[in-house]
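Protein chains in written order, with my numbering: chain R, 95 to 235; chain P, 20 to 253.
The C-beta atom is built at its ideal place from N, Cα and C for all residues, glycine as well.
The next block holds one structure in the form of structure tokens; read it before the comments.
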Amino acid sequence: MAYSDKVIEHYNHPRNVGSLDKADPNVGTGLVGAPECGDVMKLQMKVNPQTRVIEEAKFKTFGCGSAIASSSLATEWVKGKTVEEALAIKNTDIVRELALPPVKIHCSVLAEDAIKAALGDWKKKQGEADLKPAETASAHN
Amino acid sequence: MSVIRSQDAQTEGIPVTSCWNCRAAVTGAHFCAACGKVQPLPAGASYFAFFGLPQKLTIEPASLEGQFHMLSWKLHPDNFVRASEFERNLSLERSSQLNDAYRTLRDPIARVEYLLEHLGVRKEGTTRQQAPPELLEEVFELNESLDELRDARAAGGDVAALQGRLEAAQQNFQEGLDDVDTELAALGREWDAAVDFGGDESKKQALLARMNETLNRRAYIRNLVAGVAKELGS
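Okay, here's the thing in structure tokens:
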């Protein structure tokens, strides 16, 4: 199957690859996996506790081109957003932007899960209540 | 309207229909027992039923292969060159199903995957199947160490030492894969016993769920094995 130009672009030039200090109280880490294909994705964000703005985002993904592109795009999108704005990102937004085919939708779900997991971790570190489980069931059909 | 369904273990759930040619009753068979005409594929019939097998996970490879050759020969489109277009299409349909069914059932892993899909336990991309965090941590770290080895090699590191580490990693991953496969085989035997002795539904469901989890874990380990093999092969 052919990848879209945007997927290839992110795959060849992934943005924000790397990691942040997991022990930093302002860094939230999300580690998620897709058992259907064995992909694993780690997304980290550094959030300013005063402004709640995401100042930095890094990812590392072991998986297919679509999973890498989805996480690369996710880090690009969350930077400069507030925690609440980032949590509003839906996997369907990623599907649209990258023109992912139906069999690769789970890659975008993974990216959305990773954002939610990372910000959930950050909130926990900040002493805020943990997030409810990600609600992405609507995108699963 | 109620549909009459077969109670036979091999043809369980396949509706009893009548032959398009002679109207005799047919239950998923390739050919009508009365007139010998090739039959359309029944809706919802499984690959197991295609080979007349119960939905069990232990399959004797030699007998499956024998069946495959016999059916390939019987269903071969060459046998239908003088038949009606309708029959030619049926033979084509059955032949292609035969190939899919054989390819799936001869592979023990694909067989389990198929059973789970057929019974609605596993659906590609539709069910959220999150792995336990410890497993994700472990898989991520293993992937990272593989990545480091890759980078070190690309940067012209000590090739002999790296080779040794890669080989150790390969052995480690392969053992992990073997363990998972052993576990899956054991679950398969439990499943077969439950089918044979009419195990209760909750027990069967629990077994299917465990097989699904094991398959998920296997996907991560399989990727690691493939990754390290690629590194060693290059």
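For residue i, three-class secondary structure by DSSP
i       : result
T46(P)  : coil
A117(R) : coil
N235(R) : Any reading at N235(R) is ruled out, since the residue's pLDDT is 36, under 50, leaving its predicted position unreliable.
G122(R) : strand
T155(R) : strand
S221(P) : helix
G85(P)  : helix
Q138(R) : strand
T263(P) : This structure cannot speak to residue 263(P), because chain P is shown only from 20 to 253.
T176(R) : strand
D133(R) : strand
I33(P)  : coil
T230(R) : Legend: pLDDT at T230(R) = 42, less than 50; position of this residue unreliable, no value from coordinates given.
G221(R) : coil
V100(P) : coil
E163(P) : helix
I183(R) : coil
E170(R) : helix
I78(P)  : coil
G112(R) : coil
CB contact check: residue i to chain R, cutoff 7 Å
i       : result
F192(P) : no
Y5(P)   : Lying before the first or after the last residue shown, residue 5(P) is absent from chain P, which here runs from 20 to 253.
L155(P) : yes
A150(P) : yes
V140(P) : no
V158(P) : yes
N242(P) : yes
N108(P) : no
N40(P)  : no
N118(P) : no
Among the options, the one whose alpha carbon lies nearest that of residue i
i       : options                               : result
A53(P)  : R42(P), A68(P), D215(P) and A248(P)   : R42(P)
F76(P)  : E112(P), L124(P) and N98(P)           : It is worth fixing the name first, because residue 76(P) is Leu in this sequence and not Phe. Among E112(P), L124(P) and N98(P), the Cα nearest to that of L76(P) belongs to L124(P).
E250(P) : A205(P), Y239(P), E202(P) and Q182(P) : Q182(P)
C131(R) : G252(P), A248(P) and R236(P)          : R236(P)
V126(R) : K210(R), K218(R), N185(R) and W216(R) : K210(R)
L60(P)  : P34(P), S82(P) and Y133(P)            : P34(P)
G85(P)  : L196(P), G71(P), N98(P) and P96(P)    : G71(P)
L185(P) : A204(P), L161(P) and E79(P)           : L161(P)
V111(R) : S202(R), K136(R), I199(R) and V101(R) : K136(R)
A62(P)  : A213(P), A171(P), D200(P) and H137(P) : H137(P)
P73(P)  : A204(P), V140(P), E112(P) and W210(P) : W210(P)
V197(R) : A117(R), K116(R) and G159(R)          : G159(R)
P108(R) : E170(R), K184(R), I183(R) and E150(R) : E170(R)
A117(R) : E103(R), S202(R), Q138(R) and D133(R) : Q138(R)
Short CB-CB distance (under 7 Å) between residue i and chain P
i       : result
L83(R)  : In the structure as shown, chain R begins at 95 and stops at 235. Residue 83(R) is therefore absent and cannot be evaluated.
F156(R) : yes
Any non-hydrogen atom of the ligand SAH closer than 6 Å to residue i Cβ
i       : result
I209(R) : Summarising the ligand content, the structure contains no ligands, and the ligand SAH is consequently not present.
- Item | the stretch 130–148 of chain R: positions lying closer than 7 Å to chain P by Cβ | Answer in chain order: E130, C131, G132, V134 and K136.
- Item | Contacting positions in the stretch 85–100 of chain P - beta carbon closer than 7 Å to chain R | Flagged: no residues at all.
- Query: If you measure beta-carbon to beta-carbon, which residues of the stretch 223–238 of chain P are closer than 8 Å to chain R?
  - Reply: The stretch 223–238 of chain P vs chain R, Cβ under 8 Å: L234, N235, R236 and A238.
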